[in-house]
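J.: My questions all concern the structure below.
There are 2 protein chains.
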Amino acid sequence: MKKSQSSKEKILRVALKEFAAYGFGGARVERIARQAGVNKAMIFYYYSSKQNLYRIIIKNSLLELIPKIQEAIAVSKSPEQFFENLPKVYIQYFVKNQAVMRMIGFELIQDPGNITSVVRDIFTNIPESPPDLLKNKISIWYQKGLISEPDPVHLILNIIPLCIFSILGKPMVEAILDIKIKNNIDFIDKRINSISNLLKKGMLK
Amino acid sequence: MKKSQSSKEKILRVALKEFAAYGFGGARVERIARQAGVNKAMIFYYYSSKQNLYRIIIKNSLLELIPKIQEAIAVSKSPEQFFENLPKVYIQYFVKNQAVMRMIGFELIQDPGNITSVVRDIFTNIPESPPDLLKNKISIWYQKGLISEPDPVHLILNIIPLCIFSILGKPMVEAILDIKIKNNIDFIDKRINSISNLLKKGMLK
DNA sequence: ACCTATATTAACCAGACAGTTAAACTAACT
DNA sequence: AGTTAGTTTAACTGTCTGGTTAATATAGGT
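Here the protein sequences line up with chains E and H, keeping their order.
Quick note on the working numbering: the first sequence kicks off at 408 and runs consecutively.
Quick note on the working numbering: the second sequence kicks off at 408 and runs consecutively.
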């Protein structure tokens, strides 16, 4: 029973790319099967439905990302460090896992209720919940007069968008300004830097 | 020939919502027809294909947004004003036209090449191109030592994401922090404020 | 060798899909 | 009343889709 394991996992890997490329509606089960080198029926044998396969992939992806964020929060002893660590972790993860980012993006646009329920589900079953950790840090930092934004909602909404859209929005900005960004590694480095600087100058007191 | 006009336009209005809700692949031509109170064949009669209908809607939407941005840039005599005006224009437009935002989001994720070609197409046929206006302002402001970010790419990528994701990411942040934002008008006001403050503190010298 | 549980396949299905067609309707103009 | 051009419709088509099924293959345990 070794080949089965590889088939089961290969379906996940291939399906992630398929969903990211075409969205749920546009994704084709048969294309996933073909690219995974597996009979179409195997997908239903292992994952019972297209919807279910989709949900499992989203959950897996989030479970992979969360510990990285958890650590970035934990190691940040000051808001300066926090504003440097978090964008770095987010951007580097999403650059390496663009398919994940695209799938999450799709979900947020199409059916926010679905992904948010997955998120809630994950966080209620985690011992040291990263959101709680974050809330505590923010409130302590604000009380100490270190940061200017006391509301965790707006603090988060001032960070995450900058990271995700940096990658997603790149082609758009290239089109708007009518330029071509050649060196992607340089661009990403510059992006992380620009975001960290903006956050430090903009939200530290 | 009066009813035809209203049918033709109603298809556009309904299709915008359909595409925003389900993405291109998930959108159903027949559902558009039914909701527009029109025979399905009418959609092909007026717009020849689903793809073409999609492109026309995207283009129309951008053509509606661009003048607003153009004006926000033009009236901003200082970077302070710019960092206040642009987020306000973006967020207020996207709050009122969430379907447009979702469609653009879909495109950016699924087929960036498509929407970017539409953008290029629009901007090359506009006399006072807003990107050029923006590039000039930024370079002048930087030379005068008023702003800290000389690169228009990163300046834009520090602004637009904050606006778009503020609306799109709201349910996600609610799920992460396990809260419910009740008053949406207050939230949007606070969001515009928080972004303007971040940009002013973070990017002015 | 036989049993059993898991893995895999080809062939199939009913419904849905984008797109077509040809005929009929409408209303303005002559 | 007849012509014309733009609208609208019902009925259709060929293809594709997610999902099913029943038969078969595999391999480990007895």
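The C-beta atom is built at its ideal place from N, Cα and C for all residues, glycine as well.
Please name the residue in H:Ser-414, H:Ile-480, H:Ile-450, H:Leu-423 whose C-alpha comes closest to that of Asn-504 of chain H.
T.: The candidate whose alpha carbon is nearest that of Asn-504 of chain H is H:Leu-423.
J.: Near Phe-356 of chain H, which residues of its chain fall below 6 angstroms by C-beta distance, leaving aside the five closest residues on each side in sequence?
T.: The structure shown has nothing for residue 356 of chain H, since chain H only spans 408 to 612.
J.: What ranges does the alpha helix (DSSP H) occupy inside the stretch 433-478 of chain E, keeping only unbroken runs of at least 4 residues that lie completely in it?
T.: The stretch 433-478 of chain E contains these whole alpha helix (DSSP H) runs: 436-443, 447-454.
J.: With a threshold of 7 angstroms between beta carbons, is Phe-426 of chain H in contact with chain E?
T.: No, no contact with chain E.
J.: Of the residues H:Leu-419, H:Asn-446, H:Ile-529, H:Ile-473, which one's Cα is nearest the Cα of Tyr-461 of chain H?
T.: Nearest of H:Leu-419, H:Asn-446, H:Ile-529, H:Ile-473 to Tyr-461 of chain H, Cα basis: H:Leu-419.
J.: Within its chain, find whatever has a CB closer than 7 angstroms to the CB of Leu-553 of chain H; leave out the 5 residues flanking it on each side and keep chain order.
T.: Result list for Leu-553 of chain H: Pro-486, Leu-611, Lys-612, in chain order.
J.: Within a Cβ cutoff of 7 angstroms, which residues of the same chain sit near Lys-475 of chain H, ignoring the five residues on either side of it in sequence?
T.: Val-496, Tyr-500
J.: Would you list, in chain order, the members of the stretch 565-577 of chain E that have their beta-carbon closer than 9 angstroms to a beta-carbon of chain H?
T.: Asn-565, Ile-567, Pro-568, Leu-569, Cys-570, Ile-571, Phe-572, Ser-573, Leu-575, Gly-576, Lys-577
J.: Looking only at its chain, what residues have a beta carbon closer than 6 angstroms to the beta carbon of Lys-415 of chain H, apart from the 5 residues adjacent to it on each side?
T.: Tyr-453
J.: Grouping DSSP H, G and I as helix and E and B as strand, with all else coil, what is Ile-566 of chain E?
T.: coil
J.: If you draw a straight line from the C-alpha of Asp-593 of chain E to the C-alpha of Ile-599 of chain E, how long is it?
T.: The straight-line gap separating the alpha-carbon atoms of Asp-593 of chain E and Ile-599 of chain E is approximately 10 angstroms.
J.: So which of E:Lys-587, E:Glu-425, E:Cys-570, E:Met-579 has the shortest CA-CA distance to Lys-457 of chain E?
T.: E:Glu-425
J.: Ordered along the chain, which non-local residues of its own chain (more than five positions away) have a Cβ less than 7 angstroms from that of Ala-434 of chain H?
T.: Glu-425, Phe-426, listed in sequence order.
J.: Measuring straight from C-alpha to C-alpha, what distance separates Asn-521 of chain H and Glu-514 of chain H?
T.: 7 angstroms
J.: Going along the chain, which unbroken runs of the alpha helix (DSSP H) with 4 or more residues stay wholly within the stretch 529-573 of chain H?
T.: 537-550, 559-564
J.: Counting only beta-carbon atoms, is Pro-557 of chain E nearer than 7 angstroms to chain H?
T.: no
J.: Leu-541 of chain E and Ile-480 of chain E - do their beta-carbons sit closer together than 7 angstroms?
T.: yes
J.: Between Lys-409 of chain E and the rest of its own chain, which residues show a CB-CB distance below 8 angstroms, the 5 nearest in sequence each way excluded?
T.: With a pLDDT of only 46 at Lys-409 of chain E, under the threshold of 50, the placement of this residue in the model should not be trusted; the figure read from the coordinates follows. Result list for Lys-409 of chain E: empty, nothing under 8 angstroms.
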